[in-house]
């Protein structure tokens, strides 16, 4: 096999960058900011090179780089991507520079450590999407917890300690279950293949043969870990706290990328390693997903804090993604993949916008605002645009994802009932209610608070951050083919893999 | 020109982008207005040329698909940005761009001096863009893109004066209500699409309709599809039970009410039912539902219109009622009659709203008809054109509304039954009555406004569109003269649309024939009813107002119920909106999330803390102890591995 180092460069760039940040003098904030931004832009450029080298026709893992790492355990360093991981990698490298840039004004304390954390976090996230060895995956998965813990705990709001500990314990609990399962799989490999291995591609060939009841346990060990990260109802309560307390950049990365690791994990590991169990528990999990869609939307509706509202809306949106994955049809899984990206863009934009106005007024209560359309017209348009994308207006990105998920799950053979879709589709009504209601109370009406007078509209650097996101929101809405070309072969491959073990019409 | 039909979509899009992005800097109202209306005017010309080109083709070839690019291509799903030009879509696009153009021009005068002038025209063009997608889309998804798009524009335009009060609430609440209620309908439409895709493996009109005509699909499936689609139609076209948003939509500027909430957008549901005629025709039970819902909506909305005092409110209920007629027609299988009424209604209802706008404009935003009177003296052009429109909607013989309404009533009888006709005719009586109550209170009788008002005729930019629509309201019906009058020429309009409904017609049961005598008799009856109603309304509200007062005093209960729109809003609020809000806040959020789930999580945390206090005692700090534990541990693991070998 020809070795391709591009993914290794991709991982090294932010990692080396983060280490180098530590050598800057802490007071030299401007240089640190520029350095962080440039490193993240270089990473983005490398990811684009990876995109250009990627063969979209094939659903196989590509750009693989592999060498033995821990010889005694036969643990390898294996990185490689298919279309789905590629798309998520691009999302990560795209959002990181934008968020870094967005913090230039808002992060005033310890810029050096913050930049270090962000770049370190990026390494972890990219590693999660690129790893093809479970051991390596687990290390990245855990490694990215630590900077996130600090980002919330150090640069967060008033209750940041409670929120960060809750975040840490929740996710740690899940990770430990997964670790046990990984070890089990590896030792099982030694009895099946004669050698201990954590290589994903090899494991995916033998793990479907595991006795069903044992497979079910392993499935849940992985699944719970991912479901916490998604977060799937009822494992979601860390999310609102983490989001509200996190600084804007933290929220954007959290919503934009971290949550996707959960859904990515389900798609990559649960569905592929344990196809029978995935099919077996699909109805049960889909029920939770549908509850999450409605529950998240209803609770979002009655929030008084803008950020918390957006946080709960994530519970609702990610419910769609999980439903689509377990419906196991071409349309629904494709929809879920694109919806991961959509959520990153739309919710990312919403968090940025809430952050922008918070920086000006230090208020997030919906009741404080009212009538800002007159004062900050550009901001109001941007907020409307992001809201509409989140609501799933056709022509923008959100529609593509939701529509495909619902269309696919409606005819899903695995779920085999209309009711999932009927309840899930009611989420489109509630989404309109909570977002437009918030919009109405914040933006419309007469100016409510005299202290709002003099509110500044979007600055040019804020526009610079939003415009790239908005471009992709329209791009995906109007011409999603660019993105489906990347992922369709990979989705097809996963579904045909499942159909080898379970008679599946997709 | 047919092959360039996408220009009708692109011109308004360009207008939206230009005015939306640069309007703030252009500042000149004239330029903005010309860009806005010019874009729609160009679209109209393209539609017109396409129409003539279509006419020149043999009837069976009048169906052209123009594909732009592939939109969604996943598995069996192939959706293009594609437009379908056929008699139905071309008729609709002529109506939308034609009436739309006149309303754009009118708005230049009406919105003069408004701070949001450029924003207004940008939104209007965006609306036309969305509406054209809705009409021309050659598949359900593009139709849905337009469907949601017009909903968005409706939201933006109802909420255009977002800082104003409206009745008990605010303008923006009215806007949100419109969007949300529409979304409830869209939910049904989505499910309809999903079931269509599941059944026919396609969402393209041609595939689906061809398969619907030939595939052995059960009537139950067809019924579900038709029902889901019809739920969508009730939202967009303001039918029972989702009509509540339309009266509140009057919070928007009057040209918006004319364009979106009377002439075009609200007829989208009728268009959709007509487009999917083959599916409805295959579901007779749902056809009856459509007819009955339409009939009841027509009747109840008209009854509410009888007592309203806000000029726009009367017209709003009238719109709901007329839309009901269109569904009645579709429900009995007279699809082309429903589209015919869409067209004539677009003429006279747009005219009524624009006329009302002209009145409101000159009366400085006063909308209560009890505070008008004798305005014919001050605004002769508005008066004459308004009168023509009122005669048209009342079914005055020879006017456009007469032909379309008569065709609906006749079909209600011929393809439905006598009760349908009777309720329809009673509705027509109420229509004539409330319209002439409105005309009399506004233009005739004594002046009931204070001296601070100086009513005046509107400028030509507003009255010329009124006059054009006036002419259309009068003569617009002649292209659809029923066969009994036009002899062997037949009904031209129906003839033109016929190919669209061919398959649907074949599916429907043919009824026994009726005689010409019956047709003439029923027509004469409904005309007599309407004329009587016009006469009484005129007499009562110009000379004998005490009759009206006495009657309303006598039937106080009924009057209050009608005036408060049967308390439907209050019922929805108490039975749906409040419970959902309360449960979400008080239970889901504050108890389920914060107490139960978090309680378990925090409880686990406390438990771990407690137990680790115990475990801590094991951490003795003596290295030997650790070594022993480690050894034991390794032994256990080894033992386990040996066992599993």
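Chains as they are written, first to last, in my numbering: chain H, -4 to 501; chain B, 118 to 762.
Glycine residues also receive a C-beta, built at the ideal position from the N, C-alpha and C atoms.
Small disclaimer: the values here were computed from a predicted structure and weren't measured.
(message) Measuring straight from C-alpha to C-alpha, what distance separates residue 8 of chain H and residue 2 of chain H?
(response) Counting from one through the first chain, the residue named residue 8 of chain H turns up at place 13. Counting from one through the first chain, the residue named residue 2 of chain H turns up at place 7. Distance between the alpha carbons of residue 8 of chain H and residue 2 of chain H: 10 Å.
(request) Give the interface partners of residue 201 of chain H over in chain B, defined as CB-CB distance under 8 Å, in chain order. (result) Here residue 201 of chain H corresponds to residue number 206 of the first chain, with the count starting at 1. Going along chain B, no residue has its Cβ under 8 Å from residue 201 of chain H, so there is no contact; the nearest lies around 15 Å.
(request) Whole angstroms is fine: what's the gap from residue 436 of chain B's alpha carbon to residue 465 of chain B's? (result) Taking the second chain and counting its residues from 1, one reaches residue 436 of chain B at position 319. Taking the second chain and counting its residues from 1, one reaches residue 465 of chain B at position 348. Taking the straight line from one Cα to the other gives about 11 Å.
(request) For the beta strand (DSSP E) containing residue 184 of chain B, list its first residue and its last residue. (result) Mapped onto the second chain, residue 184 of chain B falls at position 67. 181 to 191 is the extent of the beta strand (DSSP E) around residue 184 of chain B.
(request) Return the chain-ordered list of same chain residues with a C-beta closer than 6 Å to the C-beta of residue 287 of chain B, the five sequence neighbours on each side being excluded. (result) Here the question's residue 287 of chain B lines up with position 170 in the second chain. Within the same chain, residue 287 of chain B has no close Cβ partners at all.
(request) List the DSSP bridge partners of residue 196 of chain B. (result) Walking along the second chain from the start, residue 196 of chain B turns up at place 79. Note: residue 196 of chain B sits in a beta bridge opposite B:189.
(request) Compute the Euclidean distance between the alpha carbons of residue 221 of chain H and residue 258 of chain H, then round it to the nearest angstrom. (result) Position 226 of the first chain, counting from 1, holds the residue named residue 221 of chain H. Position 263 of the first chain, counting from 1, holds the residue named residue 258 of chain H. Distance between the alpha carbons of residue 221 of chain H and residue 258 of chain H: 7 Å.
(request) Could you work out which residues of chain H lie near residue 705 of chain B, taking near to mean beta carbons separated by less than 9 Å? (result) Reading the second chain from its first residue, position 588 is the one you call residue 705 of chain B. Those within 9 Å of residue 705 of chain B in chain H are 290, 293, 294, 297.
(request) Would you please verify whether the beta carbon of residue 368 of chain H is less than 8 Å from any beta carbon of chain B? (result) Translated into the one-based positions of the first chain, residue 368 of chain H becomes position 373. Yes, residue 368 of chain H counts as interfacial toward chain B.
(message) Considering Cα atoms alone, identify which of B:161, B:342, B:142, B:136 is closest to residue 768 of chain B.
(response) Residue 768 of chain B is absent from the model: chain B starts at 118 and stops at 762.
(request) Please name the residue, chosen from H:477, H:433, H:409, that lies closest to residue 498 of chain H on a Cα-to-Cα basis. (result) Mapped onto the first chain, residue 498 of chain H falls at position 503. It is H:409 whose Cα lies nearest to the Cα of residue 498 of chain H.
(request) Work out the CA separation of residue 326 of chain H and residue 276 of chain B for me, nearest whole Å. (result) Here residue 276 of chain B corresponds to residue number 159 of the second chain, with the count starting at 1. Here residue 326 of chain H corresponds to residue number 331 of the first chain, with the count starting at 1. Going from the Cα of residue 276 of chain B to the Cα of residue 326 of chain H covers about 36 Å.
(request) Tell me whether residue 298 of chain H is buried or exposed, calling it buried when 16 or more other Cβ atoms sit within 10 Å of its Cβ. (result) Here residue 298 of chain H corresponds to residue number 303 of the first chain, with the count starting at 1. Per the 10 Å Cβ criterion, buried.
(request) Within the same chain, show all residues whose beta-carbon is closer than 6 Å to that of residue 434 of chain B, passing over the 5 residues directly before and after it, in chain order. (result) Residue numbering aside, residue 434 of chain B sits at position 317 when the second chain is read from its first letter. Here the set comprises 418, 421, 422.
(message) Taking a contact to mean a Cβ-Cβ separation below 8 Å, would you say residue 104 of chain B touches residue 246 of chain B in this structure?
(response) The question about residue 104 of chain B has no answer, for chain B in this structure spans 118 to 762.
(request) Just mark residue 724 of chain B as buried or exposed, buried being the case when its beta carbon has 16 or more other beta carbons within 10 Å. (result) As a first step, residue 724 of chain B must be located in the second chain, where it is residue number 607. Looking at its Cβ environment, which holds fewer than 16 other Cβ atoms inside 10 Å, residue 724 of chain B is exposed.
(request) Evaluate residue 762 of chain B with the Cβ neighbour count: other Cβ atoms within 10 Å of its Cβ, from every protein chain shown; 16 or more gives buried, anything less gives exposed. (result) Here the question's residue 762 of chain B lines up with position 645 in the second chain. Only weak support is given to the placement of residue 762 of chain B: the predicted model assigns it a pLDDT of 48, under 50, and the value that follows is read from those uncertain coordinates. When all chains shown are included, residue 762 of chain B counts as exposed.
(request) Check the Cβ of residue 702 of chain B against every Cβ in chain H and list those closer than 7 Å, keeping chain order. (result) To locate residue 702 of chain B, count along the second chain from 1; it is residue 585. Residues of chain H passing the Cβ test: 297.
(message) Using DSSP's beta-bridge definition, name the partner residues of residue 356 of chain H.
(response) Translated into the one-based positions of the first chain, residue 356 of chain H becomes position 361. BP columns for residue 356 of chain H are empty, so no partner.
(request) Residues of the region 186 to 198 of chain B with a CB closer than 9 Å to any CB of chain C: list them in chain order, please. (result) Included in the structure are the protein chains H and B, with no chain C among them.
(message) Here's a check: name, in chain order, each residue in its chain whose Cβ is nearer than 7 Å to the Cβ of residue 89 of chain H, leaving out the five neighbours to either side.
(response) Position 94 of the first chain holds residue 89 of chain H. Same-chain partners within the cutoff: 39.
(request) Would you kindly work out how many angstroms separate the C-alpha atoms of residue 481 of chain H and residue 402 of chain H, rounded to a whole number? (result) Residue mapping note: residue 481 of chain H aligns to position 486 of the first chain, counting from 1. Residue mapping note: residue 402 of chain H aligns to position 407 of the first chain, counting from 1. If you take the alpha carbons of residue 481 of chain H and residue 402 of chain H, they lie about 21 Å apart.
(request) Less than 8 Å between the CB atoms is what I'm expecting for residue 253 of chain B and residue 354 of chain B, so what's the real figure, rounded? (result) On the second chain, position 136 is the one that residue 253 of chain B refers to. On the second chain, position 237 is the one that residue 354 of chain B refers to. With a Cβ gap of about 19 Å, residue 253 of chain B and residue 354 of chain B do not count as contacting.
(request) Select from B:325, B:179, B:271 the residue whose C-alpha is nearest the C-alpha of residue 204 of chain B. (result) Residue numbering aside, residue 204 of chain B sits at position 87 when the second chain is read from its first letter. Taking only the C-alpha atoms, the option nearest residue 204 of chain B is B:179.
(request) Compute the Euclidean distance between the alpha carbons of residue 306 of chain H and residue 407 of chain H, then round it to the nearest angstrom. (result) As a position in the first chain, residue 306 of chain H is number 311, starting the count at 1. As a position in the first chain, residue 407 of chain H is number 412, starting the count at 1. Answer to the nearest angstrom: the Cα atoms are 29 Å apart.
(request) Show which residues of chain B have a CB atom less than 9 Å away from the CB atom of residue 52 of chain H. (result) Your numbering for residue 52 of chain H matches position 57 in the first chain. Ordered by position in chain B, no residue passes the 9 Å Cβ test against residue 52 of chain H, which lies about 15 Å from the chain.
(message) I want to verify the contact list: residues of chain H whose CB lies under 8 Å from the CB of residue 284 of chain B, in sequence order.
(response) Position 167 of the second chain holds residue 284 of chain B. Here the premise fails: no neighbours, minimum Cβ distance about 15 Å.
(message) Let's see if you can read the secondary structure: which residues bound the beta strand (DSSP E) around residue 406 of chain B?
(response) The residue given as residue 406 of chain B occupies position 289 in the second chain. Run containing residue 406 of chain B: none in the beta strand (DSSP E); it sits in the alpha helix (DSSP H), 401 to 422.
(message) With three or more C-beta pairs closer than 8 Å as the rule, is the region 304 to 322 of chain H touching the region 375 to 383 of chain H?
(response) Here the region 375 to 383 of chain H does not lie against the region 304 to 322 of chain H, with fewer than 3 beta-carbon pairs under 8 Å apart.
(message) List, in chain order, every chain B residue whose beta-carbon is nearer than 7 Å to that of residue 390 of chain H.
(response) Here residue 390 of chain H refers to the residue found at position 395 of the first chain. Ordered by position in chain B, the residues that pass the 7 Å Cβ test against residue 390 of chain H are 262, 266.
(request) Give me whichever residues DSSP pairs with residue 300 of chain H in a beta bridge. (result) Counting from one through the first chain, the residue named residue 300 of chain H turns up at place 305. According to DSSP, residue 300 of chain H bridges with H:360.
(request) Going by CA-CA distance only, name the one from H:67, H:65, H:468, H:94 that's closest to residue 33 of chain H. (result) On the first chain, position 38 is the one that residue 33 of chain H refers to. Comparing alpha-carbon positions, the option among H:67, H:65, H:468, H:94 lying closest to residue 33 of chain H turns out to be H:94.
(request) Return the chain-ordered list of same chain residues with a C-beta closer than 8 Å to the C-beta of residue 585 of chain B, the five sequence neighbours on each side being excluded. (result) Residue numbering aside, residue 585 of chain B sits at position 468 when the second chain is read from its first letter. Counting only Cβ-Cβ distances below 8 Å, and skipping sequence neighbours, we find 219.
(message) Cβ closer than 9 Å: which chain B residues qualify as neighbours of residue 479 of chain H?
(response) The residue you call residue 479 of chain H lines up with position 484 of the first chain. 189, 190, 191, listed in chain order.
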